[in-house]
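Chains as they are written, first to last, in our numbering: chain A, 3 to 309; chain B, 463 to 882. Note that beta-carbon positions come from the ideal geometry of N, C-alpha and C, so glycine has one too. Below: one structure, written as structure tokens.
Set out below in structure tokens:
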């Protein structure tokens with residue numbers, strides 16, 4: 003490639019199509035490594051990856067740790083509840099301390115927009131954004147793109163509907179960037195209060211009715227409805243949301259026969275996705291999780307493997 | 463006879479216009495403008511503007527209560543370096559300025575330091591909690607003329623009406639940080655395309671406009687003088703303009719950073735661009751510049767808001783509100799608004815002194831007037847790199863600006879001077 007090597011992975015918007023496809027290609031190869039009897043390669047032996055998660059996570063942290071170990075790197079785990087953060091240590095000093103302890107790369111998840119980028123500006127090592135507020139979650143977009151490529155061969159021309167709380171979703175923002183960069187047509191499907199306030203800069207179409215567009219979609223990508231917020235600001239009530247935007251047996255039947263359902267997890271069975279749908283072969287939810295390890299191996303390899 | 467201080471070769475702003483001349487100072491006063499003087503101390507202005515010392519209607523000096531951010535000494539040094547001779551200090555100290563003794567404490571500390579005059583603004587409500595009126599009479603007698611719960615709007619319309627009715631008789635001014643709490647809740651930047659892309663909750667300009675609209679109605683109802691703090695939106699300017707045309711006693715201020723930047727700067731996610739109200743669109747910024755030039759916006763106010771490094775070494779959304787401004791204000795206004803000498807000193811000295819009822823400041827240069835003066839080279843370029851303030855949270859850091867404060871005279875003494 004003509005461009006300088008990738009230093010960090012902070013946002014899908016920082017990548018061009020070539021870099022994105024390179025990561026997906028590499029992830030496909032690592033997916034095969036993970037199928038071997040001994041799913042481990044010595045590539046990053048001697049390197050240390052620190053997972054620095056200020057927010058709860060199951061999938062992302064576990065799959066980063068599994069990915070690092072599959073590449074033979076060592077893993078350090080930081081959790082704010084047991085650290086000096088509760089003594090008032092600033093993010094900058096926390097990051098410098100983790101680096102000084104011997105981390106060669108930090109994976110940062112934080113509830114604030116731009117946290118990983120701030121950390122990257124303070125450190126002399128690669129930083130991966132493991133999710134920053136409602137801004138970006140680039141490795142989620144990579145694993146979603148890989149899952150779609152495995153199923154459909156390519157994203158060009160696919161019609162992808164992203165359903166739900168786009169306004170507060172870093173998954174949606176990353177996926178919109180990745181899917182459109184790879185040539186898909188994206189429709190956001192939600193009530194106005196769950197869409198971004200200003201859609202300038204989003205190359206998408208909009209619908210307020212899942213029923214009007216569902217038959218035309220190749221992929222119905224459901225976002226998690228944030229149960230911990232109750233009906234929350236922006237919705238009159240959860241049952242009303244489910245009746246207009248949830249996927250049940252009836253809506254599954256109206257989808258095109260080749261169409262699939264995706265969800266970044268954690269799923270709320272019976273809320274945005276009926277239990278029946280979650281277990282249907284057309285739901286790719288566990289493929290997405292499985293691919294999370296492979297894409298994170300690809301990103302770690304690109305950022306740490308060259309040296 | 464020898465004067466205490468002589469300023470040579472200034473372009474001096476007198477009541478009759480600008481004159482290239484010298485002036486002589488003794489006993490806290492300007493004794494002569496034009497003539498041949500000897501001074502015990504002399505300062506050569508090399509043709510720079512000489513005008514009344516700048517007056518800031520809006521600064522946070524953090525004393526008492528948060529002296530790690532700033533105190534009255536460091537804040538006074540920053541003011542002097544920025545050409546300011548009088549500063550209205552906001553009441554969001556800890557404790558808040560809601561009683562006479564706290565206002566007197568700030569005045570006394572300011573006199574001990576002796577680098578500029580600091581006049582405390584008084585809170586409208588006790589502890590700025592919006593529930594119970596503060597000790598308005600005590601505050602007035604302690605010298606308070608500007609009343610505000612700055613940082614928060616008084617949201618209880620009935621309570622604000624009472625405060626305005628009560629203070630009308632005194633001749634005080636109510637200054638409002640206009641921000642509807644529920645519309646702004648959780649927001650960190652202007653609501654627009656960038657906030658949508660970043661996934662950050664925005665604050666619409668309407669959060670300011672609905673409060674100003676309500677307050678202008680109360681101004682009509684009570685006749686109280688009303689001042690809009692740090693106007694950020696073009697529609698707020700229109701609201702103020704219409705009320706002025708209707709004869710209401712309304713004034714407005716704008717900050718240097720709202721004149722210089724727009725919300726695109728937040729794309730850096732540098733907390734030095736985090737302030738309330740937030741930086742708005744380029745259209746708003748251009749309207750603010752035009753309104754300051756035309757006088758629709760009456761005054762520049764810094765909203766100097768110091769924070770320590772450890773507080774700003776965090777993600778944007780977690781950073782505290784506000785940026786410093788005293789040392790860069792004059793330069794920023796000259797760089798981004800290109801005011802002539804008369805308009806410059808009107809918006810940064812004469813009019814703010816009138817709004818704040820600060821008697822010894824904001825007076826054009828003439829014999830017999832108090833010797834509170836600023837010397838500014840309007841075209842001199844310099845790069846912002848160090849501060850007298852304890853804080854460094856400036857959006858102008860490392861920018862090159864045109865317009866440099868060369869000297870500040872406070873009560874006849876040279877309290878800041880750059881030697882060439």
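N- and C-terminal bounds of the alpha helix (DSSP H) containing residue 170 of chain A = Numbered from its first residue, the first chain carries residue 170 of chain A at position 168. Per DSSP, residue 170 of chain A belongs to no alpha helix (DSSP H) and is neither H nor E.
Give me the Cα-Cα distance between residue 96 of chain A and residue 306 of chain A, rounded to the nearest whole angstrom.
-> Taking the first chain and counting its residues from 1, one reaches residue 96 of chain A at position 94. Taking the first chain and counting its residues from 1, one reaches residue 306 of chain A at position 304. Looking at the two C-alpha atoms, the distance is approximately 22 Å.
Please report how far the alpha carbon of residue 583 of chain B lies from the alpha carbon of residue 607 of chain B, in whole angstroms.
-> The residue given as residue 583 of chain B occupies position 121 in the second chain. The residue given as residue 607 of chain B occupies position 145 in the second chain. If I take the Cα positions, the gap works out to 7 Å.
Starting from residue 530 of chain B, trace the beta strand (DSSP E) both ways and give me its first and last residue.
-> The sequence position of residue 530 of chain B within the second chain is 68, counting from 1. Run containing residue 530 of chain B: none; DSSP gives neither H nor E here.
Taking Cβ to Cβ, would you say residue 264 of chain A is nearer than 7 Å to residue 216 of chain A?
-> The residue given as residue 264 of chain A occupies position 262 in the first chain. The residue given as residue 216 of chain A occupies position 214 in the first chain. In this structure, residue 216 of chain A does not lie closer than 7 Å to residue 264 of chain A by Cβ.
If we cut at 7 Å on Cβ distances, does residue 294 of chain A have a partner in chain B?
-> Locating residue 294 of chain A in the first chain gives position 292, counting from the first residue. No, its Cβ sits nowhere closer than 7 Å to a Cβ of chain B.
Would you say residue 741 of chain B reaches chain A, if we count a Cβ-Cβ gap shorter than 7 Å as a contact?
-> As a first step, residue 741 of chain B must be located in the second chain, where it is residue number 279. Judged by the 7 Å Cβ criterion, residue 741 of chain B is not in contact with chain A.
Over the uninterrupted alpha helix (DSSP H) stretch that includes residue 693 of chain B, give me the two end residues.
-> Within the second chain, the letter at position 231 stands for residue 693 of chain B. From DSSP, residue 693 of chain B is part of no alpha helix (DSSP H); its letter is neither H nor E.
Would the beta-carbon of residue 117 of chain A fall within 7 Å of that of residue 134 of chain A?
-> To locate residue 117 of chain A, count along the first chain from 1; it is residue 115. To locate residue 134 of chain A, count along the first chain from 1; it is residue 132. Residue 134 of chain A sits close to residue 117 of chain A, with the two beta carbons spaced by under 7 Å.
Can at least three beta-carbon pairs, one atom from the segment 9-22 of chain A and one from the segment 38-58 of chain A, be found at a separation below 8 Å?
-> no
Rounded separation between residue 551 of chain B and residue 642 of chain B - CA only | Working through the second chain from its first residue, we reach residue 551 of chain B at position 89. Working through the second chain from its first residue, we reach residue 642 of chain B at position 180. Cα to Cα, the separation comes out at about 23 Å.
Which value, in whole angstroms, describes the spacing of the CA atoms of residue 599 of chain B and residue 247 of chain A?
-> Stepping through the second chain from its first residue, residue 599 of chain B is reached at position 137. Stepping through the first chain from its first residue, residue 247 of chain A is reached at position 245. Between residue 599 of chain B and residue 247 of chain A, the C-alpha separation is close to 59 Å.
Just checking, does the segment 775-792 of chain B make contact with the segment 729-746 of chain B on the three C-beta pairs under 8 Å criterion?
-> yes
Buried/exposed call for residue 519 of chain B, threshold 16 Cβ in 10 Å = Translated into the one-based positions of the second chain, residue 519 of chain B becomes position 57. It counts as buried.
Spatial distance of residue 838 of chain B from residue 757 of chain B (CA atoms) | Locating residue 838 of chain B in the second chain gives position 376, where the first residue counts as 1. Locating residue 757 of chain B in the second chain gives position 295, where the first residue counts as 1. Spanning the two alpha carbons is a distance of roughly 21 Å.
Assuming residue 63 of chain A and residue 53 of chain A form a contact by the criterion Cβ under 8 Å, report the distance between their Cβ atoms to the nearest whole angstrom.
-> In the first chain, residue 63 of chain A corresponds to position 61, counting from 1. In the first chain, residue 53 of chain A corresponds to position 51, counting from 1. The C-beta separation of residue 63 of chain A from residue 53 of chain A comes to about 5 Å, placing the pair in contact by the 8 Å criterion.
Taking only beta-carbon atoms, is residue 225 of chain A less than 7 Å away from chain B?
-> In the first chain, residue 225 of chain A corresponds to position 223, counting from 1. Closer than 7 Å: no.
CA-to-CA distance, residue 529 of chain B to residue 812 of chain B, given in whole angstroms = Residue numbering aside, residue 812 of chain B sits at position 350 when the second chain is read from its first letter. Residue numbering aside, residue 529 of chain B sits at position 67 when the second chain is read from its first letter. Computed Cα separation, rounded: 30 Å.
Output the distance between the C-alpha atoms of residue 152 of chain A and residue 48 of chain A, rounded to the nearest integer angstrom.
-> Reading the first chain from its first residue, position 150 is the one you call residue 152 of chain A. Reading the first chain from its first residue, position 46 is the one you call residue 48 of chain A. For residue 152 of chain A and residue 48 of chain A, the distance between alpha carbons rounds to 32 Å.
Note the first and the last residue of the continuous beta strand (DSSP E) segment covering residue 293 of chain A.
-> On the first chain, residue 293 of chain A is found 291 positions in, with the first residue counted as 1. Note, residue 293 of chain A: premise wrong, no beta strand (DSSP E); alpha helix (DSSP H) at 287-306.
State yes or no: is the beta carbon of residue 648 of chain B nearer than 7 Å to at least one beta carbon in chain A?
-> Indexing the second chain from 1 puts residue 648 of chain B at position 186. It does not; no Cβ of chain A falls within 7 Å.
Contact with chain B by residue 139 of chain A, beta-carbon distance below 7 Å | Within the first chain, numbered from 1, the residue matching residue 139 of chain A stands at position 137. No, because no Cβ of chain B sits closer than 7 Å to the Cβ of residue 139 of chain A.
Less than 8 Å between the CB atoms is what I'm expecting for residue 176 of chain A and residue 142 of chain A, so what's the real figure, rounded?
-> Position 174 of the first chain, counting from 1, holds the residue named residue 176 of chain A. Position 140 of the first chain, counting from 1, holds the residue named residue 142 of chain A. Yes, residue 176 of chain A and residue 142 of chain A are in contact; Cβ-Cβ is about 6 Å, under 8 Å.
Expressed to the nearest angstrom, what Euclidean distance is found between the alpha-carbon atoms of residue 309 of chain A and residue 55 of chain A?
-> For the purposes of this step, residue 309 of chain A is taken as residue 307 along the first chain, with counting starting at 1. For the purposes of this step, residue 55 of chain A is taken as residue 53 along the first chain, with counting starting at 1. Residue placement at residue 309 of chain A is poorly supported in this model, since its pLDDT is 47, which falls under 50; the coordinates still yield a value, given next. One C-alpha to the other measures close to 26 Å.
Nearest-angstrom Cα distance between residue 514 of chain B and residue 469 of chain B?
-> Counting from 1 along the second chain, the entry for residue 514 of chain B is found at position 52. Counting from 1 along the second chain, the entry for residue 469 of chain B is found at position 7. Those two C-alpha atoms are separated by around 13 Å.
Would you please verify whether the beta carbon of residue 57 of chain A is less than 7 Å from any beta carbon of chain B?
-> Counted from its first residue, the first chain places residue 57 of chain A at position 55. No - not a single Cβ of chain B is within 7 Å of the one on residue 57 of chain A.
Burial state of residue 138 of chain A (16 or more Cβ within 10 Å) | Counted from its first residue, the first chain places residue 138 of chain A at position 136. Residue 138 of chain A should be labelled buried.
Check whether the segment 282-291 of chain A touches the segment 788-806 of chain B, taking contact to mean three or more Cβ pairs, one atom from each stretch, closer than 8 Å.
-> no
Neighbourhood of residue 665 of chain B by C-beta, 8 Å cutoff - its chain only, sequence neighbours within 5 removed = Here residue 665 of chain B corresponds to residue number 203 of the second chain, with the count starting at 1. Excluding positions up to five away in sequence, the list reads 641, 645, 646, 649, 650, 651, 652, 653, 738, 739, 740.
Length of the line joining the Cα atoms of residue 543 of chain B and residue 667 of chain B = Along the second chain, read from residue 1 onward, the residue named residue 543 of chain B stands at position 81. Along the second chain, read from residue 1 onward, the residue named residue 667 of chain B stands at position 205. If you take the alpha carbons of residue 543 of chain B and residue 667 of chain B, they lie about 33 Å apart.
Closest Cβ-Cβ distance between residue 92 of chain A and chain B: below 7 Å?
-> Here residue 92 of chain A is taken as the residue at index 90 of the first chain, counted from 1. For residue 92 of chain A, the answer is yes, since a Cβ of chain B falls inside 7 Å of its Cβ.
Give me the Cβ distance between residue 680 of chain B and residue 622 of chain B, rounded to the nearest whole Å; I'm assuming they're in contact under 8 Å.
-> Walking along the second chain from the start, residue 680 of chain B turns up at place 218. Walking along the second chain from the start, residue 622 of chain B turns up at place 160. Confirmed, Cβ separation roughly 6 Å.
Contact test: residue 17 of chain A Cβ vs the ligand PLP heavy atom, cutoff 6 Å | Inclusion of the ligand PLP in the displayed structure is not the case, the ligand content being empty and no account of it being possible.
Taking a Cβ distance cut-off of 7 Å, strictly less, list which residues of the segment 97-118 of chain A are near chain B, in chain order.
-> 112, 114, 115, 116, 117
Does any C-beta atom of chain A lie closer than 7 Å to the C-beta of residue 778 of chain B?
-> The residue labelled residue 778 of chain B in the question sits at position 316 within the second chain. Residue-level contact by beta carbon holds for residue 778 of chain B and chain A, with a gap shorter than 7 Å.
Can you tell me whether DSSP reads residue 493 of chain B as helix, strand or coil?
-> Within the second chain, the letter at position 31 stands for residue 493 of chain B. It is a strand residue.
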